[in-house]
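Enquirer:
Number of protein chains: 2
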Amino acid sequence: MSPNLLAPLVRKLESRVTLYDEDRAAILALPFRLQTTERETYLVREGEQPERACMLLSGFAFRQKVTSQGMRQIISLHIPGDFVDLQGVLLNLADHNVQALTRCEFAIVARNDIRALACTRPMVGLAMWTDTLIDASIFREWVVNVGRRDAMTRIAHLLCELARRMEAAGLADRLRYEMPMSQEQLADATGLTPVHVNRMLRDLDRSGLIVRNHRTIVIRDWEGLSELADFNENYLHLDQLITEAARIRTGTVPAARMTS
Amino acid sequence: MSPNLLAPLVRKLESRVTLYDEDRAAILALPFRLQTTERETYLVREGEQPERACMLLSGFAFRQKVTSQGMRQIISLHIPGDFVDLQGVLLNLADHNVQALTRCEFAIVARNDIRALACTRPMVGLAMWTDTLIDASIFREWVVNVGRRDAMTRIAHLLCELARRMEAAGLADRLRYEMPMSQEQLADATGLTPVHVNRMLRDLDRSGLIVRNHRTIVIRDWEGLSELADFNENYLHLDQLITEAARIRTGTVPAARMTS
DNA sequence: CGGCAAATTGAGCATTGTCAATGTCTGTGG
DNA sequence: CCACAGACATTGACAATGCTCAATTTGCCG
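Residue numbers (the working numbering), protein chains in the order written: chain A, 29 to 288; chain B, 29 to 288.
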């Protein structure tokens, strides 16, 4: 098991909070094991007691909940580099399901190891907290998307979000990517029916804003699409970075040094 | 300014993570100022750079976003004891608005003081992180509510959530409380129109599950209402408590002692 | 008593859902 | 190399949940 597999985690956390060398070393020293899962596999089940946290290394995953009427709502999408269940580190009961969207590889870390890391290396704790805050920001935007936008706009918004996140993660071009979801899954993510998703995608295609080829999405007019989608990427907090100056102002330097 | 005003904060954080005496003292020693706001006042505006965090002491507040079409979606409700903008502590740009629902009192703390607290007292950091995780869990449930439940169920679910949270906060009986929102606000929280909210409330009343008198809600059949609402309170994580045993297993004792 | 915000109701409409049939692609086994 | 199965995508016809518009009522406060 090469510890290099956790390097993306260091990169991600580092983009949020400035880390010390000891912080980086502590992250890379986390004990983990690798797991490969097939599409549809459950990683977390609602009602379980979480014992571990999973970081996605390759493939796509999603969170979902099923209502008593049997309707499924997809709550978020996850791309490589994402922790799919940091909530399991501190909450004692899983309140939703996490499933692989495609074949996936995960690094699995014990929840106690993550808690201990957050305590002994406070900057790493802040970085993981930031990750949770950004997750929460995306949930908020999804509430708005599903609550107050019409069908066409919802779909367009999801297309924009995926494009922008994949681009930021270095996985694809913002203007051309492979949609990892079926239309049924798109429907569950937007609170629509598969039939209506199909019609809206067709209309988006006809309007010339996007072109589809199987599941390849080509965005022909980013400005037009993001305007139609009411897409403002602020909520993704892609530029989130606490500067050196800010870190010093927090007065954390002595504390962090003391525990090293 | 009596530091006792922060006592509810200690109680809340303590219900999530076991704190040391030094942790409690550090929380109570936070510099803060009091602020009273009228109904509708904005506490955070989308696009601003946050410099402070607000804890609600009395009254109700909510988060919202407005779409390009001018439609408003309420994203969450806040009751006394809630931090309404912990995201401002670590994120550099507000991605949504926070508004007072009623006349409110807040304790305002500088964001750098909270960051420093999280670094020097890691257990307090974990407790605040937990708060964010629970917030995120509630957002997830709202995505499901607005995305996959019909109008009646959405309203009933919101009534149950409010009842249960007010009860847990010691503000009301689960079976009888004062609704802090107008029907227009209920509509914005459920992704419906005020007219339809009105009809659904009328039908809930006629069904005998609830009785309304002005804004007083009396729940006459909690079992019946929560079943209709598809309400499972797990997502509120009201029992969230990290036991002493769990704390020791995290290995945080030495680190916490060191910085004290 | 008058003014105003909020609640309530009715009538007609439209966005989105339901149902059901058909088309397309991919992989597998003969 | 072809036939077939199965998953997914696509389309049409019709239905319904929830929306729009507009009028009226109620409660509250000065």
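We put the beta carbon where it would ideally sit given N, CA and C, even for glycine.
At the level of alpha carbons, what is the spacing between Glu195 of chain A and Arg176 of chain A?
Expert: Against the first sequence, residue 195 of chain A aligns to sequence position 167. Against the first sequence, residue 176 of chain A aligns to sequence position 148. C-alpha separation (whole angstroms): 27 Å.
Enquirer: By the DSSP assignment, the alpha helix (DSSP H) with His106 of chain A in it spans what residues?
Expert: On the first sequence, position 78 is the one that residue 106 of chain A refers to. His106 of chain A -> not in any alpha helix (DSSP H); beta strand (DSSP E) instead, spanning 100–106.
Enquirer: With 8 Å set as the bound, which would you pick, yes or no: does the beta-carbon of Leu47 of chain A sit closer than that to a beta-carbon of chain B?
Expert: In the first sequence, residue 47 of chain A corresponds to position 19, counting from 1. Closer than 8 Å: no.
Enquirer: Strictly under 8 Å for the Cβ-Cβ distance: is Leu187 of chain B near chain A by that measure?
Expert: On the second sequence, residue 187 of chain B is found 159 positions in, with the first residue counted as 1. Chain A, which has no Cβ nearer than 8 Å to the Cβ of Leu187 of chain B, makes this no.
Enquirer: Per the contact definition of three or more C-beta pairs closer than 8 Å, is the stretch 137–149 of chain A in contact with the stretch 219–235 of chain A?
Expert: With a cut-off of 8 Å, the stretch 137–149 of chain A and the stretch 219–235 of chain A do not count as touching, because too few Cβ pairs lie within range.
Enquirer: By how many angstroms is the C-alpha of Pro208 of chain B removed from the C-alpha of Arg243 of chain B?
Expert: Translated into the one-based positions of the second sequence, residue 243 of chain B becomes position 215. Translated into the one-based positions of the second sequence, residue 208 of chain B becomes position 180. Rounded to the nearest angstrom, the two C-alpha atoms are 7 Å apart.
Enquirer: Once you ignore the five residues that flank Thr64 of chain B on each side, which residues in its own chain have a CB closer than 6 Å to its CB?
Expert: Residue numbering aside, residue 64 of chain B sits at position 36 when the second sequence is read from its first letter. Glu133.
Enquirer: Since Gln101 of chain A meets chain B, which of its residues come closer than 7 Å, beta carbon to beta carbon?
Expert: Against the first sequence, residue 101 of chain A aligns to sequence position 73. Within 7 Å Cβ-Cβ: Val171, Val172, Gly175, Arg176.
Enquirer: Where does the unbroken alpha helix (DSSP H) through Ser254 of chain A begin, and where does it stop?
Expert: Reading the first sequence from its first residue, position 226 is the one you call residue 254 of chain A. Here the alpha helix (DSSP H) through Ser254 of chain A covers 250–256.
Enquirer: With distances taken between CB atoms, is the gap from Pro78 of chain B to Asp113 of chain B smaller than 8 Å?
Expert: Translated into positions along the second sequence, residue 78 of chain B becomes position 50. Translated into positions along the second sequence, residue 113 of chain B becomes position 85. Taking 8 Å as the Cβ cut-off, Pro78 of chain B and Asp113 of chain B qualify as a contacting pair.
Enquirer: Three or more beta-carbon pairs under 8 Å between the stretch 80–95 of chain A and the stretch 119–131 of chain A, yes or no?
Expert: At 8 Å Cβ cutoff, the stretches touch.
Enquirer: Taking the alpha carbon of Leu34 of chain A as the point to measure from, which residue in A:Ile136, A:Ser165, A:Leu47, A:Trp170 has its own alpha carbon closest?
Expert: Here the question's residue 34 of chain A lines up with position 6 in the first sequence. When each option's Cα is compared against that of Leu34 of chain A, the closest is A:Ile136.
Enquirer: Quick check on the DSSP output: what are the complete alpha helix (DSSP H) runs of length 4 or more inside the stretch 98–180 of chain A, in order along the chain?
Expert: Correct list: 115–118, 139–148, 150–176.
Enquirer: According to the neighbour-count rule (16 or more other Cβ atoms, all chains shown, within 10 Å of its Cβ), is Asp159 of chain B buried or exposed?
Expert: Residue 159 of chain B sits at position 131 when you count from the first residue of the second sequence. The residue is buried, with at least 16 neighbouring Cβ atoms inside 10 Å.
Enquirer: Please tell me whether Pro150 of chain B has its Cβ less than 8 Å away from any Cβ of chain A.
Expert: Within the second sequence, the letter at position 122 stands for residue 150 of chain B. Closer than 8 Å to some Cβ of chain A, the Cβ of Pro150 of chain B qualifies, so yes.
Enquirer: List, from N- to C-terminal side, the alpha helix (DSSP H) runs of 4 residues or more that fit wholly inside the stretch 39–83 of chain A.
Expert: Entirely contained in the stretch 39–83 of chain A, the alpha helix (DSSP H) runs reaching 4 residues are, in chain order, 49–56.
Enquirer: For Asp163 of chain B, which residues in chain A fall below 8 Å Cβ to Cβ?
Expert: Locating residue 163 of chain B in the second sequence gives position 135, counting from the first residue. Correct list: Ala164.
Enquirer: Give the residues of chain B in contact with Leu203 of chain A, contact being defined as C-beta atoms less than 7 Å apart.
Expert: For the purposes of this step, residue 203 of chain A is taken as residue 175 along the first sequence, with counting starting at 1. Chain B residues near Leu203 of chain A: none, gap ~22 Å exceeds 7 Å.
Enquirer: Is the beta carbon of Val152 of chain B sitting closer than 8 Å to the one on Ile55 of chain B?
Expert: For the purposes of this step, residue 152 of chain B is taken as residue 124 along the second sequence, with counting starting at 1. For the purposes of this step, residue 55 of chain B is taken as residue 27 along the second sequence, with counting starting at 1. Cβ distance < 8 Å, so Val152 of chain B and Ile55 of chain B count as in contact.
Enquirer: Tell me whether Asn241 of chain A is buried or exposed, calling it buried when 16 or more other Cβ atoms sit within 10 Å of its Cβ.
Expert: Stepping through the first sequence from its first residue, residue 241 of chain A is reached at position 213. By the neighbour-count rule (16 or more Cβ atoms within 10 Å), Asn241 of chain A is not buried but exposed.
Enquirer: Using a beta-carbon distance below 8 Å, is Trp250 of chain B in contact with chain A?
Expert: Within the second sequence, the letter at position 222 stands for residue 250 of chain B. No, because no Cβ of chain A sits closer than 8 Å to the Cβ of Trp250 of chain B.
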